[in-house]
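So the protein sequences, as listed, match chains A and B.
When you line the first sequence up against my numbering, it's residues 151 to 410, in that order.
When you line the second sequence up against my numbering, it's residues 151 to 410, in that order.
Note that beta-carbon positions come from the ideal geometry of N, C-alpha and C, so glycine has one too.
In this text, all values refer to a predicted model and were calculated from it rather than measured experimentally.
One structure is given here, and the rest of the page talks about it.
Number of protein chains: 2
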Amino acid sequence: MQENLFSVRMRASKNGPHEQGGKHISGGEHISTYGNLKNAVNDLLEKALSHSRGNPDFMQIQFELINDPIKSLRPLHTGTNTVVSVDEGQTVARKLLEESGVPRESIQKAYEQVAEYSELRGAILVDVSSGVRMDDRSNRGVRVSRMDWRAANFAKWADHYKIPRGQKVKEALTLATKVSAHPATVAELCWSDDPEYTTGYVASKKLGYQRITNLKDYGDERGCRIFFVDGLSDLQSYIRYLEKQPIFVQWREENDARIN
Amino acid sequence: MQENLFSVRMRASKNGPHEQGGKHISGGEHISTYGNLKNAVNDLLEKALSHSRGNPDFMQIQFELINDPIKSLRPLHTGTNTVVSVDEGQTVARKLLEESGVPRESIQKAYEQVAEYSELRGAILVDVSSGVRMDDRSNRGVRVSRMDWRAANFAKWADHYKIPRGQKVKEALTLATKVSAHPATVAELCWSDDPEYTTGYVASKKLGYQRITNLKDYGDERGCRIFFVDGLSDLQSYIRYLEKQPIFVQWREENDARIN
Numbered sequence: 151m152q153e154n155l156f157s158v159r160m161r162a163s164k165n166g167p168h169e170q171g172g173k174h175i176s177g178g179e180h181i182s183t184y185g186n187l188k189n190a191v192n193d194l195l196e197k198a199l200s201h202s203r204g205n206p207d208f209m210q211i212q213f214e215l216i217n218d219p220i221k222s223l224r225p226l227h228t229g230t231n232t233v234v235s236v237d238e239g240q241t242v243a244r245k246l247l248e249e250s251g252v253p254r255e256s257i258q259k260a261y262e263q264v265a266e267y268s269e270l271r272g273a274i275l276v277d278v279s280s281g282v283r284m285d286d287r288s289n290r291g292v293r294v295s296r297m298d299w300r301a302a303n304f305a306k307w308a309d310h311y312k313i314p315r316g317q318k319v320k321e322a323l324t325l326a327t328k329v330s331a332h333p334a335t336v337a338e339l340c341w342s343d344d345p346e347y348t349t350g351y352v353a354s355k356k357l358g359y360q361r362i363t364n365l366k367d368y369g370d371e372r373g374c375r376i377f378f379v380d381g382l383s384d385l386q387s388y389i390r391y392l393e394k395q396p397i398f399v400q401w402r403e404e405n406d407a408r409i410n
Numbered sequence: 151m152q153e154n155l156f157s158v159r160m161r162a163s164k165n166g167p168h169e170q171g172g173k174h175i176s177g178g179e180h181i182s183t184y185g186n187l188k189n190a191v192n193d194l195l196e197k198a199l200s201h202s203r204g205n206p207d208f209m210q211i212q213f214e215l216i217n218d219p220i221k222s223l224r225p226l227h228t229g230t231n232t233v234v235s236v237d238e239g240q241t242v243a244r245k246l247l248e249e250s251g252v253p254r255e256s257i258q259k260a261y262e263q264v265a266e267y268s269e270l271r272g273a274i275l276v277d278v279s280s281g282v283r284m285d286d287r288s289n290r291g292v293r294v295s296r297m298d299w300r301a302a303n304f305a306k307w308a309d310h311y312k313i314p315r316g317q318k319v320k321e322a323l324t325l326a327t328k329v330s331a332h333p334a335t336v337a338e339l340c341w342s343d344d345p346e347y348t349t350g351y352v353a354s355k356k357l358g359y360q361r362i363t364n365l366k367d368y369g370d371e372r373g374c375r376i377f378f379v380d381g382l383s384d385l386q387s388y389i390r391y392l393e394k395q396p397i398f399v400q401w402r403e404e405n406d407a408r409i410n
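Set out below in structure tokens:
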């Protein structure tokens, strides 16, 4: 019998809970065994209490048993695009989105909405052909949940590719891998709402996870997370996948070797 | 300026969250400074993961800033009624309720409902003159929240009265003190849903906190928490007091000395 696994999630905000208009401070996800729940909770608690967006005055951590089978996904291939300015970074981002299959007009339209949605804690879904927002989650957005990448496996991956073993990279690549694995996802555009973190990325099945070293000014608390989606017959089942389908990112050296 | 204080609360259940019909396992409350939040969260997490009602598969811990001024309440005076059987214990309980001002017929009526509400995680409110349940919280009951008793002060109190420094006593007396302090509360009847804990109590302004050493059989998971309430012009404001008014139990030796 397989060991029970639990989805552990945290959200923290300031000036009240999110649903009462509080400012989003931090969120986080783990998938944990019962025996490791204390570590998982404390890891997320530490994250909530030490975020550079500020000290939260509301936080919620919950765990719940995962009943669905957990899918295993290989991490996206990664690349780094070193740029010297935000402008250059954003130009690269647009180019990568276009190469991933997002029409230029839709990219332009999505960018016009970026400022408006920069305070959301979740992602917005944008139709790839019209550039119009498709989800109905107004001030909240869609939060991708039930995903993790075991530390030991991540460390092996990071060492192999000579990438520093940072939490940010692990979390971002886990999310991008889950999102990208759905057939309806064409591309993702993301930069953090952490004022101290200016790196962002474009991710897609075609290009993998393309880190861009500068997508916003240092100190800027406005984040961005847009999923460009195509051919969505069933928006609710897509959102259900993002929110509920449990996945582990799992890297195997052999697999990557075979491809390269 | 006074230091910010946070209400920290936990609830844990099995076979899903409470709101989806899960079995209540454990709940808990703290009032904490920001600096002590990690301890408070871990204390409640430990409680959730080690309860004799079983291992939870759902748990939620949250903290939020308390904006209202915190009331300080003196602990109820305590007495212990040693009994040799559940029957004797229940007879004592009924007698103490009657002495507290609950008519015998209402006690009888309330007891007829005890089995029905033994799976609730919160309390039920019973009208003292009719014996009829008054709250509208069906399967949930009313959960008393935002209360604590600082460990050092509790220890002083416990040592003074030669009472073991147990968590159960601290939690029960904190709750009973808060409930009893409201003018509309006539009496409380309580025994734990912890199968290993057979002691219960009757509490009232008149008699204080009267522990009764045996109110149910060992191994029995059915608990009871009834507040007998009188002259309630505004049920919602009474429930708001129980759920939202923050209180600290605070004992001062001088106060008790002056009274005795």
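Check                                                                                                               : Outcome
Residues near A:Arg408 in its chain [Cβ-Cβ closer than 6 Å; skip 5 each side]                                       : Model confidence at A:Arg408 stands at a pLDDT of 48, short of 50, so the residue's coordinates are unreliable; what they give is reported in the following sentence. Excluding positions up to five away in sequence, the list is empty.
Residues in the region 211-234 of chain B having any Cβ partner in chain A nearer than 7 Å                          : Ile211, Gln212, Phe213, Glu214 and Leu215
Run of the beta strand (DSSP E) containing A:Gly229, from where it starts to where it stops                         : Thr228 to Asn231
Residue-chain proximity (B:Asp298, chain A), Cβ-Cβ < 8 Å                                                            : no
Where the alpha helix (DSSP H) containing A:Gln240 begins and where it ends                                         : Val236 to Ser250
Cα-Cα separation, A:Ile220 to A:Glu321                                                                              : 18 Å
Near-chain A residues of the region 367-384 of chain B (beta-carbon distance less than 8 Å), N- to C-terminal order : none
Backbone secondary structure at B:Val264 - three-state DSSP                                                         : helix
Sequence-distant residues of its chain with Cβ nearer than 6 Å to A:Glu346 (five each side left out)                : Ser202
Spatial distance of B:Ala243 from B:Arg361 (CA atoms)                                                               : 9 Å
Alpha-carbon to alpha-carbon, A:Ala260 and A:Ala302                                                                 : 37 Å
Anticipated Cβ contact below 8 Å, B:Ser256 with B:Ser280, distance rounded                                          : 7 Å
Host beta strand (DSSP E) of B:Trp341 (start-end)                                                                   : Thr335 to Trp341
Range covered by the beta strand (DSSP E) that runs through A:Ile175                                                : Lys173 to Thr183
CA nearest to the CA of A:Thr324, picked from A:Glu153, A:Ile181, A:Gln263 and A:Asn231                             : A:Ile181
Backbone secondary structure at A:Trp299 - three-state DSSP                                                         : strand
Within chain B, partners of A:Leu205 - CB distance below 8 Å                                                        : Here residue 205 of chain A is Asn; the residue named in the question, Leu, does not match the sequence. Under the 8 Å cutoff, chain B gives Tyr184.
Beta carbon of A:Thr232 nearer than 8 Å to that of A:Tyr359                                                         : no
Proximity of B:Pro206 and B:Ser176 at Cβ, strictly below 8 Å                                                        : yes
Through-space distance from A:Val292 to A:Arg230, alpha-carbon basis                                                : Note that residue 230 of chain A corresponds to Thr in the displayed sequence, not to Arg. Straight-line Cα distance between these residues: approximately 27 Å.
Alpha-carbon to alpha-carbon, A:Gln395 and A:Phe213                                                                 : 15 Å
For A:Ser354: DSSP bridge partner residues                                                                          : A:Gly358
7 Å Cβ cut-off: residues of chain A touching B:Leu195                                                               : Lys188 and Val191
7 Å CB neighbourhood of B:Cys374 in its chain, flanking five on each side removed                                   : Val264, Ser268, Leu339, Cys340 and Trp341
Listed by chain order, chain A residues near B:Leu199 by CB distance under 9 Å                                      : Tyr184, Leu187 and Lys188
Euclidean distance between Cα positions of B:Arg372 and B:Asp344                                                    : 8 Å
Near the ligand SAH: B:Thr230 beta-carbon under 7 Å from a heavy atom                                               : With respect to small molecules bound, the structure shown includes none, and the ligand SAH cannot be examined in it.
Proximal residues of chain B, C-beta to C-beta of A:Pro167 below 8 Å                                                : Glu214
DSSP beta-bridge partners of B:Met284                                                                               : B:Met284 pairs with nothing; no bridge assigned.
Identified DSSP bridge partners for B:Phe377                                                                        : B:Leu275 and B:Glu338
For B:Arg300 and A:Leu187, the rounded distance between their alpha carbons                                         : 27 Å
is_contact[B:Met209, chain A] using C-beta, thresh 8 Å                                                              : yes
Own chain residues within Cβ distance below 8 Å of B:Ser235, not counting five before or after                      : Asn364
Rounded distance between the beta-carbons of B:Val276 and B:Ile376, thought under 8 Å                               : 5 Å
Contacting residues, own chain, Cβ-Cβ under 7 Å from A:Val252 (five flanking each side not counted)                 : Val278, Val336, Ala337 and Phe378
8 Å Cβ cutoff met for A:Asp298 and A:Phe208                                                                         : no
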